[in-house]
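Chemist: What follows is a structure written as structure tokens; I'll ask about it next.
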């Protein structure tokens with residue numbers, strides 16, 4: 080066990096701290112220098128170049144190695160990936176010795192960027208020294224020293240590989256799923272190692288937007304680390320001139336020590352100069368942080384592992400929760416909790432980037448987001464801290480590469496109207512799609528075409544041909560891109576489809592979108608547009624498929640869930656439509672139209688629990704809402720004891736239905752039919768009669784006798800009232816019988832004047848009932864006189 084633990088500390092670097100004896104060595108960075116000896120070894124590289132990086136030949140070679148040679152090969156691979164991460168993710172720049180070594184002509188003999196191309200999608204053009212990642216992936220996959228060590232590093236290489244691709248790769252996701260099945264966790268390993276693995280697994284699945292798999296590992300890490308956290312309300316002030324404290328969200332965190340011996344949080348030696356500065360808010364009104372009335376004392380000291388876990392939780396919340404103000408309010412306490420602690424370089428950078436993303440949506444905080452982004456970019460260029468201090472926690476936080484950080488900064492500039500500043504950055508990192516957007520805003524679209532044509536002269540690519548088509552509106556460019564890819568590029572079909580979609584040629588764009596997602600199904604924006612185009616052309620089955628796939632990738636998308644429900648309804652799949660609407664409500668709980676959709680579809684499938692819930696919610700949102708058809712179905716099923724969607728008696732909803740009808744009649748006191756429905760639910764005969772008389776009064780509002788339909792409804796109420804006093808032992812001396820007699824008499828008199836053909840039979844029936852009521856009253860008086 081001790082040997083495994085030591086190997087994991089040496090090769091995985093799962094915590095920043097090593098045993099005390101190695102602290103000085105760690106701080107001055109000589110550990111990475113030791114590994115770099117393997118990187119600049121001609122013998123190590125010769126093995127790969129002699130075999131032209133052919134995987135099969137290298138596998139054969141690895142199979143002949145002794146254990147010590149395998150260990151040295153693994154160290155070579157670790158040195159490769161750490162240096163790759165340093166020059167593309169964390170900074171600072173590689174040492175002159177390594178840059179000179181990797182700039183030899185030998186490295187120009189192979190197209191390493193092409194070797195990292197997946198699903199016809201190239202790596203980002205800003206990627207430096209791709210040979211390092213190619214080599215590391217081959218070693219981790221095929222030169223096994225210990226299955227867990229190799230698999231873990233291979234997992235990290237997949238994470239890094241996906242980060243440098245511009246599109247999500249189904250092939251890499253398949254590699255990750257296949258690799259995950261081979262993870263064999265020794266139950267005797269420490270909490271540090273098992274929780275670190277859970278966090279890194281969750282990070283990769285979050286990158287691919289597989290929420291359920293990510294949550295499984297987040298929950299596992301929470302349990303392993305003994306963390307308990309809750310969002311709670313506490314009185315506090317958010318602005319400088321706020322006089323009265325109001326409830327603010329805060330985070331309560333407690334940590335249960337489970338394994339003090341192996342649980343190492345060692346980040347106490349982190350210096351503030353090692354990490355980017357937390358830029359304060361420079362605002363006349365807004366406080367830098369919420370000032371709570373009392374010292375809550377509810378935040379435990381969080382170590383590196385706990386901080387990485389919270390970063391992972393924040394990313395999960397960003398994907399799985401709808402993007403609204405509540406999402407921001409729930410996430411900010413987690414960010415504040417992390418930033419109150421000492422952080423490693425990667426934790427600080429990623430946390431600040433997440434905060435910038437949230438604060439870019441608010442006018443009062445966007446300036447801080449801009450300044451903070453500048454500070455992060457500057458920190459990547461500084462010489463300190465040393466590389467190993469920066470690389471720690473990169474994999475556990477999912478730190479993005481440098482150009483993605485610069486892109487986020489440029490996006491901020493564009494959002495506040497600094498188009499030229501943003502354009503300079505986009506040109507620097509060769510983000511041509513955004514370059515086109517900027518030139519379009521500046522009304523210099525021809526400049527975009529000129530820039531792309533220059534790039535095409537240097538090296539024609541599928542992406543450049545697609546972007547030229549976007550810049551010139553020339554559909555032949557997409558055809559050239561498709562042919563250049565040998566008819567295998569999802570990008571070419573996507574841009575082609577988007578060109579047609581923008582011109583509302585929905586029928587024509589559908590085949591291109593379908594072809595694109597058949598090649599790469601992880602394109603959420605293409606699924607969404609495919610669904611919309613299918614809705615517009617009434618291709619309901621395609622719409623349902625497209626929106627269903629989109630919601631797998633973007634589970635918080637309210638509009639997609641709503642449209643998915645619509646498509647399901649059109650194809651007659653009402654139960655799935657019901658589930659889709661429930662998901663839509665999770666994303667937007669206050670949209671009355673979605674509640675109305677839920678009301679109707681729940682009624683159609685006899686889910687009366689949701690019918691009642693939806694009706695009450697509609698009354699809350701709209702104050703007044705009336706849907707007589709739904710109420711009629713609900714009352715009919717409850718009164719006739721018809722089974723609901725679960726096969727259970729609808730009688731169990733009797734009390735809740737009474738409460739609902741009571742609320743509706745209070746809002747609509749003159750709606751006769753609602754009172755008639757309410758009367759059917761009355762527990763006592765006299766109460767039923769009173770409600771029917773309210774229905775009578777409701778029907779007799781205005782010129783009711785001029786409408787034959789209203790007259791018919793009125794006569795049916797009269798018959799029900801007559802049945803109550805004739806078929807039940809109602810005392811003839813009760814005022815009710817005289818009141819009902821007057822109701823019937825007035826109705827007959829008014830309707831006879833109109834002489835509607837539709838009402839003649841009903842008038843005759845009511846007249847017969849009226850005569851019986853008169854006879855009953857007369858009989859009572861005669862009996863009373865004779866006595």
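In our numbering, the protein residues as written are 80 to 866. Positions of the beta carbon are idealized from the N, C-alpha and C atoms, including for glycine.
Could you tell me which of 550, 139 and 793 sits nearest to residue 532, measuring between CA atoms?
Modeler: Measuring from the Cα of residue 532, the nearest candidate turns out to be 550.
Chemist: Check each candidate in 430, 238, 157 and 648 and name the one with the smallest Cα separation from residue 474.
Modeler: Closest option to residue 474, Cα to Cα, is 238.
Chemist: Between the Cα of residue 166 and those of 390, 350 and 469, spot the shortest distance and give me the residue it belongs to.
Modeler: Measuring from the Cα of residue 166, the nearest candidate turns out to be 469.
Chemist: As an exercise, report each continuous beta strand (DSSP E) stretch of at least 3 residues that is fully enclosed by the segment 717 to 765, in chain order.
Modeler: Segments of the beta strand (DSSP E) lying fully in the segment 717 to 765: there are none.
Chemist: Looking at residue 739: is its Cβ nearer than 8 Å to the Cβ of residue 694?
Modeler: Their beta carbons are under 8 Å apart, which means residue 739 touches residue 694 by this criterion.
Chemist: For residue 765, count the other beta carbons within 10 Å of its own beta carbon; 16 or more makes it buried, fewer makes it exposed. Which is it?
Modeler: Classification of residue 765: exposed, given that the 10 Å Cβ count is below 16.
Chemist: Buried or exposed for residue 100, going by 16 or more other Cβ atoms inside 10 Å?
Modeler: In this prediction, residue 100 has a pLDDT of 39, which is less than 50 and means its spatial position is unreliable; nothing more can be read from the coordinates.
Chemist: Does the segment 476 to 490 touch the segment 288 to 308, meaning 3 or more C-beta pairs lie closer than 8 Å?
Modeler: Segments in contact, no.
Chemist: Using the Cα positions of residue 853 and residue 805, report the straight-line distance between them to the nearest angstrom.
Modeler: For residue 853 and residue 805, the distance between alpha carbons rounds to 11 Å.
Chemist: Could you check what DSSP says for residue 268 in three-state terms: helix, strand or coil?
Modeler: Reduced to three states, the DSSP call for residue 268 is coil.
Chemist: Which residue's Cα is closest to the Cα of residue 701: 673, 781, 682 and 802?
Modeler: The residue with the shortest Cα to Cα distance from residue 701 is 673.
Chemist: So the candidates are 796, 365, 790 and 282; which of them puts its Cα closest to the Cα of residue 398?
Modeler: It is 282 whose Cα lies nearest to the Cα of residue 398.
Chemist: Report all residues from its chain with a CB closer than 6 Å to the CB of residue 698; omit the five preceding and five following residues, and keep chain order.
Modeler: Correct list, in chain order: 704.
Chemist: Closer than 8 Å is the cut-off here; do at least three beta carbon pairs connect the segment 295 to 303 with the segment 272 to 280?
Modeler: The segment 295 to 303, when compared against the segment 272 to 280, does touch it at the 8 Å Cβ threshold.
Chemist: What is the DSSP secondary structure of residue 332, counted as helix, strand or coil?
Modeler: Reduced to three states, the DSSP call for residue 332 is strand.
Chemist: For residue 387, which of 443, 431 and 472 has the nearest alpha-carbon?
Modeler: Of 443, 431 and 472, the residue nearest in Cα terms is 472.
Chemist: Going by other Cβ atoms of all chains shown within 10 Å of its Cβ, with 16 needed for buried, is residue 169 buried or exposed?
Modeler: Buried: at least 16 other Cβ atoms inside 10 Å.
Chemist: If you reduce the DSSP assignment to three classes, tell me which class residue 618 lands in.
Modeler: Correct three-state label for residue 618: coil.
Chemist: Around the C-beta of residue 542, are 16 or more other C-beta atoms found within 10 angstroms, so that it is buried, or is it exposed?
Modeler: Buried, since its Cβ has 16 or more Cβ neighbours within 10 Å.
Chemist: Just how far apart, CA to CA, sit residue 828 and residue 841?
Modeler: Whole-angstrom Cα-Cα distance: 13 Å.
Chemist: Which two residues bound the contiguous alpha helix (DSSP H) that contains residue 475?
Modeler: From DSSP, the alpha helix (DSSP H) with residue 475 extends over 473 to 476.
Chemist: Indicate the three-state DSSP secondary structure (helix, strand or coil) for residue 327 in the structure shown.
Modeler: Three-state result, residue 327: strand.
Chemist: If you reduce the DSSP assignment to three classes, tell me which class residue 367 lands in.
Modeler: Three-state result, residue 367: strand.
Chemist: So, with DSSP's three-state summary, where would you put residue 382?
Modeler: Note: residue 382 maps to coil in three-state DSSP.
Chemist: Where are the beta strand (DSSP E) runs, 3 residues long or more, that stay fully inside the segment 491 to 539, in chain order?
Modeler: Those beta strand (DSSP E) runs which fall completely within the segment 491 to 539 and span 3+ residues do not exist here.
Chemist: Cβ of residue 587 less than 8 Å from any chain C Cβ?
Modeler: The structure shown has no chain C; it contains just one protein chain.
Chemist: In whole angstroms, give me the CA-to-CA distance for residue 265 and residue 226.
Modeler: In a straight line, the C-alpha of residue 265 is about 11 Å away from that of residue 226.
Chemist: Count the other CB atoms, across all protein chains shown, that sit within 10 Å of the CB of residue 572; report buried if there are 16 or more and exposed otherwise.
Modeler: So residue 572 ends up on the buried side.
Chemist: Let me check one thing: in DSSP terms, what residues is residue 308 bridge-paired to?
Modeler: Note: residue 308 sits in a beta bridge opposite 332.
Chemist: Can you tell me whether residue 851 is buried or exposed, with buried defined as 16 or more other CB within 10 angstroms of its CB?
Modeler: With fewer than 16 other Cβ atoms within 10 Å, it is exposed.
Chemist: Are there 16 or more other CB atoms within 10 angstroms of the CB of residue 339, so buried, or fewer, so exposed?
Modeler: Bear in mind that the predicted position of residue 339 carries a pLDDT of just 40, short of 50, making it too unreliable to give a figure here.
Chemist: According to DSSP, which residues form a beta bridge with residue 183?
Modeler: Per DSSP, none; premise fails for residue 183.
Chemist: Measure the alpha-carbon distance for residue 564 versus residue 196 and round it to whole angstroms.
Modeler: Using only the alpha carbons, I get a separation of about 12 Å.
Chemist: Which same chain residues, not among the five before or five after residue 452, have their C-beta less than 7 Å away from its C-beta?
Modeler: For residue 452, where only same-chain residues beyond five positions count, the Cβ hits under 7 Å are 435, 487, 488 and 491.
Chemist: Assign residue 393 to buried or exposed, taking buried as 16 or more other Cβ atoms, counted over all protein chains shown, within 10 Å of its Cβ.
Modeler: By the 10 Å Cβ count, residue 393 comes out buried.
Chemist: Give me whichever residues DSSP pairs with residue 202 in a beta bridge.
Modeler: Paired residues: 244.
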